[in-house]
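J.: Dropping a structure here in structure tokens format, bear with me for questions.
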Amino acid sequence: MEAEKIIAQLESILASEHVHTDDKTRKLFAEDLIFSGPPPLAVIAPATRDEVRDSVRACTKAGVALLPRGGGLSYTAGYVQSEEDAVPAVVLDTRRLDRVLEVNADNMTVTVEAGCTCETMMAATAEYGLRATMFGPTTGRYSTIGGSLSNNCMFFGSAKAGTSADAVLGLEVVSADGKVVVTGSGAIKNSVPFFRNNGPDLTGLFLNDAGAVGIKVAATLRLEKIPKGQAASSFTFGSFDTLIHAIRAIGQSGLASECLGVGPAPLGDEAVSDPTLHVMCEGWTQEIADAHLAAIFEIVGTDGTAGEPVVPNFIRDNPFSFVQSPLDAKGRMQIWTHGVFPLGRVTDAYDGFMTVLKDQFADMAALDIEASLSFACAGSAMMVEPVLYWHGQAKNLHHTGMTPVEDRAPEDNDAARRDACVRSIRGAFASMMDDLGAAHMQYGRFYSYASATNDETVALLRNVKRAVDPENLINPGVLGL
Ligand SMILES: Cc1cc2nc3c(=O)[nH]c(=O)nc-3n(C[C@H](O)[C@H](O)[C@H](O)COP(=O)(O)OP(=O)(O)OC[C@H]3O[C@@H](n4cnc5c(N)ncnc54)[C@H](O)[C@@H]3O)c2cc1C
């Protein structure tokens, strides 16, 4: 079908001001923080489940793909097609689906539309003294629940409660044929969403799927009472070895709500500052929180030197505003490349990342690219994540995705070379992690799912995808599908 026809149809489903076909918008939505692709035919912004359903039905009937997008703050080509594999597509911007549908303090559930931000959800549940068990990534002011569940994400509450996927009790998803599928106990006739595992876990099929299996329109999450007690500490370590030893033991203990280790990557001959660990414990009472922190002091022992908990307290006091920009504090680009590892393999992961960085050190030094490493407890696992910092070519999203940043000075001639070097280092990280059997959040089109997972498992997923999306029109290409 010609582009004009489908656009006219979409304009009859949505008001025309919510069907964007101008070059500026199409270009903005064809980029994430690092990848660029061909501009979509249009960007649509439905505000209701029925508008999503009708738009999806119209597009797939016309053979046009849909690329779902929330806040757009991922960096793995999750909603950006590659130039080589691109098919005619429309980006579906979910941010007008932003309502909190219900806070049910008896059932301890919250149901929100998929474009709702974590901050909006948190404000609604806090009125009842409640919060989601994992209550968001640091970008929760701008990123959406739909994006966070499709990526799977971690941060607030994650050391204890795991990732965002672990908090989900049920979903409402629009499939490629425009049907609305409900998962969990919400699908039982005469019931409500309160329990995930009713029969096979169909909810899980749509989590961490990079939007491949359907368009989420609503989600129900599990709530808990906001604990009254809170106790935090920061520690400095003489080396990453001792930090890893401590953070792994803290992960095993289940005592912390957040536990994050960070430090500059020790690459060249110059001395770098020692890595630090930031721990937040909670408890029903202050005494319980204090007891958890005391146990963590015991775990750290003499390996770490305790300091004022400035960082963990600041993060908690400003949960969705302490990260305001995708640029770092020096105005440089920064990019994260993570792997999720079993606790017993954290040292291997550290060694793997350091080997890649040391191989690239000469180029990094020549191009003024710096690196740090971070470790974060995520339930039963550890996220290990090097961060690269460089003066590169900013994308439009760097200026518009979060708090607007000022226009930067024109890039020097080396910006493109730095960008290429960063991309090459990320590629080396990804293949090293495949060798180490890492899992991932935020798969998009960057990390290998199809090639790194065993054949039988991928074949089953391909069959499921074919059953719900026979023409492969819902976010084609993510997960390698
Ligand atoms: C400065 C910075 C800090 C960050 N901090 C964290 C952090 O603390 N923890 C963390 O885990 N991540 C973090 N991230 C990554 C990112 O913010 C999270 O992954 C976030 O959850 C993405 O949400 P989003 O709404 O922006 O999703 P998007 O980037 O818009 O989309 C993500 C994926 O989900 C799909 N998708 C979006 N909405 C839907 C839907 N309704 N139905 C189906 N598919 C959909 C998209 O196609 C895409 O594949 C950070 C990023 C930045 C830039």
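For the sequence shown, numbering that gives the first Met the number 0 assigns the number 0 to the initial residue and increments by one for each residue that follows. Glycine residues also receive a C-beta, built at the ideal position from the N, C-alpha and C atoms.
1. Indicate whether I249 and I314 have their beta-carbon atoms separated by less than 8 Å.
2. Using 8 Å as the threshold, is the region 176-185 in touch with the region 38-53, meaning 3 or more CB pairs across them?
3. Taking the straight line between their C-alpha atoms, what separation do you get for M440 and D21?
4. Examine ligand 1 and report whether any of its heavy atoms sits within less than 7 Å of the Cβ of S35.
5. Assign A415 to one of three DSSP states: helix, strand, or coil.
6. Take the Cβ of A160 as the centre, count every other Cβ of all protein chains shown within 10 Å, and call the residue buried at 16 or more, exposed below.
7. Ignoring anything shorter than 3 residues, give me the beta strand (DSSP E) runs that lie fully in the region 189-261, in order along the chain.
8. Whole-angstrom Cβ separation of F340 and A348, contact assumed at under 8 Å?
9. Please list the terminal residues of the continuous alpha helix (DSSP H) segment that includes R140.
10. Distance, Cα to Cα, L9 vs E112?
11. Kindly examine ligand 1 and report whether one of its heavy atoms sits closer than 7 Å to the Cβ of N395.
12. Check whether the region 116-123 touches the region 87-103, taking contact to mean three or more Cβ pairs, one atom from each stretch, closer than 8 Å.
13. Applying the 10 Å Cβ sphere with the 16-neighbour rule, what's the burial state of F321?
14. In the DSSP assignment, what are the bridge partners of C376?
15. Out of G228, G262, A166, G203, point me to the one whose CA is closest to L220's CA.
16. Only counting the same chain, and skipping five residues up and downstream in sequence, which positions put a Cβ closer than 7 Å to that of F193?
17. What are the boundary residues of the alpha helix (DSSP H) that N103 is part of?
18. For R195, is the classification buried or exposed, using 16 other Cβ atoms within 10 angstroms of its Cβ as the cut-off for buried?
19. Between T162 and L206, what straight-line distance do the alpha-carbon atoms span, to the nearest angstrom?
20. According to DSSP, is I6 part of a helix, a strand, or is it coil?
21. Scan the region 255-335 and note each continuous alpha helix (DSSP H) run of 4 residues or more that stays entirely inside, going in chain order.
22. Quick one: is the Cβ of S142 within less than 7 Å of any heavy atom of ligand 1?
23. For the alpha helix (DSSP H) that contains F360, what are its first and last residues?
24. Given 8 Å as the limit, is there contact between the region 383-399 and the region 294-308, that is, 3 or more CB pairs closer than that?
25. Does DSSP put D468 in a helix, a strand or coil?
26. Can you find the residues in the same chain that come closer than 7 Å, C-beta to C-beta, to F428, ignoring five residues on each side of it along the sequence?
27. What are the start and end residues of the alpha helix (DSSP H) that includes I33?
28. Is any non-hydrogen atom of ligand 1 found closer than 7 Å to the C-beta of I314, if you look at the structure I gave you?
29. Tell me which residues share the same chain as E30 and place their Cβ nearer than 7 Å to its Cβ, disregarding the 5 neighbours each side in the sequence.
30. Using a threshold of 7 Å, is the CB atom of T138 nearer than that to any non-hydrogen atom of ligand 1?
31. For the putative contact between R425 and W389, defined by C-beta atoms under 8 Å, what is the C-beta separation to the nearest angstrom?
32. Looking only at its own chain, which residues have a Cβ that is under 8 Å from the Cβ of K4, when we skip the five neighbours before and after it?
33. Does the pairing of the region 199-215 with the region 236-250 give three or more beta-carbon distances under 8 Å?
34. Indicate, with yes or no, if ligand 2 has a heavy atom lying under 7 Å from the CB of A328.
35. Per DSSP, which one or two residues make a beta bridge with P403?
T.: On the basis of the coordinates in this document:
1. No; because the gap between Cβ atoms is not below 8 Å, this pair is not in contact.
2. Segments in contact, yes.
3. In this structure, the alpha-carbon of M440 lies about 32 Å from that of D21.
4. The answer is no for S35.
5. Three-state result, A415: helix.
6. It is buried - the Cβ of A160 has at least 16 other Cβ atoms within 10 Å.
7. Qualifying beta strand (DSSP E) stretches, in chain order: 214-224, 228-236.
8. In this structure F340 touches A348 by the C-beta definition: roughly 5 Å separates them, less than 8 Å.
9. No alpha helix (DSSP H) holds R140; DSSP gives it neither H nor E.
10. Taking the straight line joining both Cα atoms gives about 21 Å.
11. No, ligand 1 has no heavy atom inside 7 Å of this Cβ.
12. The answer is yes - the region 87-103 touches the region 116-123, with three or more Cβ pairs under 8 Å.
13. By the neighbour-count definition (other C-beta atoms within 10 Å, threshold 16), F321 is an exposed residue.
14. C376 is bridged to M381.
15. In this structure, A166 is the residue among G228, G262, A166, G203 with its C-alpha nearest to the C-alpha of L220.
16. So the list reads N106, T108, L168, S184, once near-sequence residues are dropped.
17. Looking at the DSSP string, N103 is not in any alpha helix (DSSP H); the run it does join, the beta strand (DSSP E), is 99-103.
18. Taking a 10 Å sphere around the C-beta of R195, we find 16 or more other C-beta atoms and assign the residue as buried.
19. CA-to-CA, the gap between T162 and L206 works out to about 11 Å.
20. Here I6 sits in helix by DSSP.
21. Fully enclosed alpha helix (DSSP H) runs of 4 or longer: 285-299, 309-316.
22. Yes, since a heavy atom of ligand 1 falls inside the 7 Å radius drawn around the Cβ of S142.
23. Per DSSP, the continuous alpha helix (DSSP H) segment holding F360 begins and ends at 360-366.
24. Segments in contact, no.
25. Reduced to three states, the DSSP call for D468 is coil.
26. Counting only Cβ-Cβ distances below 7 Å, and skipping sequence neighbours, we find T336, F352, V355, P385.
27. Element bounds for I33: n/a, residue is neither H nor E.
28. Taken from the Cβ of I314, every heavy atom of ligand 1 lies 7 Å or farther away.
29. Closer than 7 Å at Cβ, skipping near neighbours: V79, K394, N395, L396.
30. Yes.
31. In fact, because the Cβ distance is near 12 Å, the residues do not count as touching under 8 Å.
32. For K4, where only same-chain residues beyond five positions count, the Cβ hits under 8 Å are A61.
33. They do not touch, by the three-pair rule.
34. Ligands in the displayed structure: ligand 1; ligand 2 is not one of them.
35. DSSP lists no partner for P403.
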